[in-house]
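Trainee:
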Amino acid sequence: KPFCPSIPLPRAGDGGCLEPTALRMSKDRTAGGSTPAWVSKYLSNLVAANAKPHEHQHWFVGLSCVVLGIAPAILAFAHGDLLTGALLVLVSFCSFMADYAYLGTIWNVIDRWYALAFTIFLTRRVYEHVPRMTVMNLFLVVGFLAYSQSSRTKEQWRWRHSLWHFVMTVDISFFLDCIYSSDALKAQRPS
Numbered sequence: 016k017p018f019c020p021s022i023p024l025p026r027a028g029d030g031g032c033l034e035p036t037a038l039r040m041s042k043d044r045t046a047g048g049s050t051p052a053w054v055s056k057y058l059s060n061l062v063a064a065n066a067k068p069h070e071h072q073h074w075f076v077g078l079s080c081v082v083l084g085i086a087p088a089i090l091a092f093a094h095g096d097l098l099t100g101a102l103l104v105l106v107s108f109c110s111f112m113a114d115y116a117y118l119g120t121i122w123n124v125i126d127r128w129y130a131l132a133f134t135i136f137l138t139r140r141v142y143e144h145v146p147r148m149t150v151m152n153l154f155l156v157v158g159f160l161a162y163s164q165s166s167r168t169k170e171q172w173r174w175r176h177s178l179w180h181f182v183m184t185v186d187i188s189f190f191l192d193c194i195y196s197s198d199a200l201k202a203q204r205p206s
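Structure follows, in structure tokens:
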């Protein structure tokens, strides 16, 4: 068997080392030719529950699901932003259902799509007020999401996924405050 460096990437071919083209092109053909493997995986993850053996019910993960949307929702409601507050309550609900109450079910798919929709909604709003910070924030979001998804044990998942939720709680709250502070400044300026 060939020497295989320890790289946490998908294997290709006959189970040997990672082939150089494995991340570039999958063997699946589409109407337009080959589809990049990472695109195929991403798209399939949007419609599959993808239950993982290390995901399990734990009170700490359940708590982080609730805090994820409820804490920023309180901020939104306090500023009279009823739409965002209501959407954040739904973020918590979907997260709780997917990551605690009904692990490995259709709730994973619902949570994934709803989180994507809410992210687009909030990013569009925030970009109008603090565009540079919004773009820089993508690195934080993607980094913590990747850290959570790289979990291999129950302990790792419990800690990393809860950390992901708590970091996003602070992140969402920070950017909502940016929106509300910017709106308050605009309201104070004379026309």
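Numbering (this note's numbering), first residue to last: 16 to 206. We treat Cβ as the ideally placed atom computed from N, Cα and C, and that holds for glycine. The model shown is predicted, which means the values in this text are computed figures rather than measured ones.
What's the gap between the Cα of Ala-113 and the Cα of Thr-120?
Mentor: Translated into the one-based positions of the sequence shown, residue 113 becomes position 98. Translated into the one-based positions of the sequence shown, residue 120 becomes position 105. Straight-line Cα distance between these residues: approximately 7 Å.
Trainee: For Thr-99, which residues from the same chain have a beta carbon less than 6 Å from its beta carbon, with the 5 sequence-adjacent residues on both sides left out?
Mentor: One-based indexing of the sequence shown puts residue 99 at position 84. Answer for Thr-99: Ala-91, listed in chain order.
Trainee: Taking its Cβ as the centre, do 16 or more other Cβ atoms sit within 10 Å of Ala-101, making it buried, or is it exposed?
Mentor: Walking along the sequence shown from the start, residue 101 turns up at place 86. Its Cβ having fewer than 16 others within 10 Å, Ala-101 is exposed.
Trainee: Among the residues of its own chain, which have a CB less than 7 Å from the CB of Phe-75, if the five just before and after it don't count?
Mentor: Within the sequence shown, the letter at position 60 stands for residue 75. For Phe-75, where only same-chain residues beyond five positions count, the Cβ hits under 7 Å are Arg-173, Ser-177.
Trainee: Considering Asp-186, what are the terminal residues of the alpha helix (DSSP H) in which it resides?
Mentor: Taking the first residue of the sequence shown as 1, we reach residue 186 at position 171. Its alpha helix (DSSP H) spans residues 169–203.
Trainee: Which one of Glu-170, Lys-56, Phe-189, His-69 has the shortest CA to CA distance from Leu-137?
Mentor: For this step, residue 137 is matched to residue 122 along the sequence shown. Ranking the options by Cα distance to Leu-137, first place goes to Phe-189.
Trainee: Within 8 Å, do at least three Cβ pairs link the segment 181–199 to the segment 154–167?
Mentor: Enough Cβ pairs lie closer than 8 Å, so yes.
Trainee: Residues in the same chain with beta-carbon distance under 8 Å from Arg-167, minus the five sequence neighbours each way, listed in chain order, please.
Mentor: Taking the first residue of the sequence shown as 1, we reach residue 167 at position 152. Counting only Cβ-Cβ distances below 8 Å, and skipping sequence neighbours, we find His-69.
Trainee: Find out if the Cβ-Cβ distance for the pair Gly-77, Tyr-115 is shorter than 7 Å.
Mentor: Taking the sequence shown and counting its residues from 1, one reaches residue 77 at position 62. Taking the sequence shown and counting its residues from 1, one reaches residue 115 at position 100. Contact flag set, yes.
Trainee: By a C-beta neighbour count over all protein chains shown, 10 Å radius and 16 as the cutoff for buried, is Ser-110 buried or exposed?
Mentor: As a working note, residue 110 is residue 95 in the sequence shown. So Ser-110 ends up on the buried side.
Trainee: Using CA atoms only, rank isn't needed, just tell me which of Gln-72, Trp-122, Thr-149, Asp-126 is closest to Leu-191.
Mentor: Stepping through the sequence shown from its first residue, residue 191 is reached at position 176. Nearest of Gln-72, Trp-122, Thr-149, Asp-126 to Leu-191, Cα basis: Thr-149.
Trainee: When burial is assigned at 16 or more other CB atoms within 10 Å of the CB, is Asn-65 buried or exposed?
Mentor: In the sequence shown, the residue the question calls residue 65 occupies position 50. When all chains shown are included, Asn-65 counts as exposed.
Trainee: For Ala-88, count the other beta carbons within 10 Å of its own beta carbon; 16 or more makes it buried, fewer makes it exposed. Which is it?
Mentor: One-based indexing of the sequence shown puts residue 88 at position 73. Classification of Ala-88: buried, given that the 10 Å Cβ count is 16 or more.
Trainee: Under 8 Å Cβ to Cβ from Val-104, same chain only, skipping five residues before and after it: list those, please.
Mentor: In the sequence shown, counting from the first residue as 1, residue 104 sits at position 89. Only Gly-84, Ile-85, Ala-88 meet the Cβ criterion.
Trainee: Which two residues bound the contiguous alpha helix (DSSP H) that contains His-144?
Mentor: Position 129 of the sequence shown, counting from 1, holds the residue named residue 144. 121–144 is the extent of the alpha helix (DSSP H) around His-144.
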